[in-house]
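Engineer: Per the UniProt record's numbering, residue 1 is the first one in the sequence shown, and the count goes up by one each step. Dumping the structure here so I can ask a few things about it.
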Amino acid sequence: MITNISLVTVYCLDQDATRDFYVDVLGFEPGTDVTMGEDFRWVTIRHPKQPEIEVTLMTPGPPLDDDAAAFVRRQLEKGSMGGLGLSVDDCRKTYEELTAKGVTFLQEPSERPYGVEAVMRDNTGNWLVLVESRDFTPQDFE
Numbered sequence: 001m002i003t004n005i006s007l008v009t010v011y012c013l014d015q016d017a018t019r020d021f022y023v024d025v026l027g028f029e030p031g032t033d034v035t036m037g038e039d040f041r042w043v044t045i046r047h048p049k050q051p052e053i054e055v056t057l058m059t060p061g062p063p064l065d066d067d068a069a070a071f072v073r074r075q076l077e078k079g080s081m082g083g084l085g086l087s088v089d090d091c092r093k094t095y096e097e098l099t100a101k102g103v104t105f106l107q108e109p110s111e112r113p114y115g116v117e118a119v120m121r122d123n124t125g126n127w128l129v130l131v132e133s134r135d136f137t138p139q140d141f142e
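Structure (structure tokens):
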């Protein structure tokens with residue numbers, strides 16, 4: 001029986017730089033950092049309020065085949081990869097704080113039926129969505 005989500009993957013081009021971005025800029029905590037075999041490094045981060053969910057920072061490579069890894073690298077370089085949805089208490093305030101830290105935003109905070117949303121990029125180009133949630137019904141989308 002599946003009991004929860006424990007691990008998600010975010011692809012990156014430089015595990016150290018991406019770990020530092022998530023830790024130093026976004027407030028995550030470092031997790032595991034081990035080398036397994038010659039060319040595989042397992043690097044994770046986690047949010048202090050959800051330590052049971054680890055985010056693996058994975059470079060495009062095994063277990064992907066060469067073509068798939070090259071495709072993921074190209075998508076990262078173009079800024080076309082999705083990343084994570086992040087809950088925030090105050091989207092506008094978080095936007096201001098992260099903008100002051102040099103974070104690139106694709107969308108400023110905007111009102112949506114489900115709350116206030118902003119879209120940013122991590123240091124690799126993954127899209128991250130910040131959402132200040134509010135209660136909604138399906139009719140709010142009509």
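Even glycine gets a Cβ: it sits at the ideal position worked out from N, Cα and C. Note that the coordinates shown come from a computational prediction; the quantities given were computed from them, not determined experimentally.
Given a cut-off of 8 Å, decide if I45 and Y11 are closer than it, judged by their beta-carbon atoms.
Structural biologist: No, these two residues do not count as a Cβ contact at 8 Å.
Engineer: Under DSSP, the beta strand (DSSP E) around Q50 begins and ends at which residues?
Structural biologist: 50-58
Engineer: In the DSSP output, what is P30 paired with across the bridge?
Structural biologist: DSSP, once it has assigned bridges, lists I45 as partnering P30.
Engineer: Rank G83, P62, E117, T59 by C-alpha distance to the C-alpha of L128 and give the top, closest one.
Structural biologist: G83
Engineer: Under a three-way DSSP split, which group does E77 fall into?
Structural biologist: helix
Engineer: With a cut-off of 8 Å on the beta carbons, I'd call L130 and E117 a contact; round off their distance for me.
Structural biologist: Going by Cβ atoms, the distance from L130 to E117 rounds to 7 Å, so yes, they are a contact pair.
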